[in-house]
Amino acid sequence: MADMMSALSEAIAGATAIEVFGAQAHVRRRVDEAISQHEREAVRALGTGAVGFSCGVLLSGLVVALIVGVGGWGAFPAPTLGELLAFVFLVQLFTVPLQYGTEMLNDLQNAASVATRR
Numbered sequence: 001m002a003d004m005m006s007a008l009s010e011a012i013a014g015a016t017a018i019e020v021f022g023a024q025a026h027v028r029r030r031v032d033e034a035i036s037q038h039e040r041e042a043v044r045a046l047g048t049g050a051v052g053f054s055c056g057v058l059l060s061g062l063v064v065a066l067i068v069g070v071g072g073w074g075a076f077p078a079p080t081l082g083e084l085l086a087f088v089f090l091v092q093l094f095t096v097p098l099q100y101g102t103e104m105l106n107d108l109q110n111a112a113s114v115a116t117r118r
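Using my numbering, you'd call the opening residue of the sequence shown number 1 and step up by one each time.
Written out as structure tokens, the structure is:
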């Protein structure tokens, strides 16, 4: 991000000098390269974050299903619908930190892509 912003600001601030010396092609190529580099890093970071977030949500859902399935299998007498819903909500309270962890990992990936410099 920093390289892209640097290339853009230099092109804007030095527009007159660039035009006078005929360096438009060189500056345009440099700006295009900076934008392309930023795009590649952002797509990579977003892809990694999407996979991590999806895995976290999937794992959280599996944990809830497993706990409710095992807990429901051994519950005699059968719980009422209200008790079952209360149990599911209680289990989800324990899985929310896992989802927060995947969100933090996603934010760290985005920050890492912004922090990388050549």
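Don't be surprised by glycine CBs; every beta carbon is placed ideally from N, CA and C.
Quick caveat: nothing in here was measured; it's all calculated off a predicted structure.
Does residue i come out as helix, strand or coil in the three-state DSSP assignment?
i: A15; result: helix
i: M4; result: helix
i: A112; result: helix
i: A34; result: helix
i: A23; result: coil
i: R118; result: At R118 the pLDDT is 48, less than 50, meaning the model places this residue with poor confidence and gives no usable figure here.
Return the Cβ separation of residue i and residue j in integer angstroms, given the expectation that the two are a contact with Cβ distance under 8 Å.
i: S113; j: E41; result: 4 Å
i: V70; j: V88; result: 13 Å between Cβ atoms; not a contact.
Go through its chain and collect everything with a Cβ distance to residue i's Cβ below 7 Å, but skip five positions before and after it.
i: L8; result: V31
i: R118; result: Confidence in R118 is poor, its pLDDT being 48 and thus under 50, which makes the residue's placement unreliable; the coordinate value appears in the next sentence. These residues qualify, in order along the chain: D3.
Excluding five sequence neighbours on each side, which residues of the same chain lie with their C-beta closer than 6 Å to the C-beta of residue i?
i: M4; result: A34, I35 and H38
Should residue i be flagged as near chain B, meaning a C-beta pair shorter than 8 Å?
i: G72; result: Going by chain labels, chain B is absent from the structure shown, which holds only one protein chain.
Sorted by chain position, which residues of the same chain lie with C-beta nearer than 8 Å to residue i's C-beta, five sequence neighbours on each side aside?
i: V57; result: Q99 and T102
i: R44; result: S113
3 or more residues per run - each beta strand (DSSP E) lying fully within the stretch 43-89: You should have found no qualifying run.
Any 3 or more C-beta pairs closer than 8 Å across the stretch 97-111 and the stretch 43-61: In short, these stretches touch, since the Cβ pair count reaches three.
contact_flag[the stretch 60-71, the stretch 86-95] where n(CB pairs < 8 Å) is 3 or more: Touching, yes, given that three or more Cβ pairs across the two stretches are closer than 8 Å.
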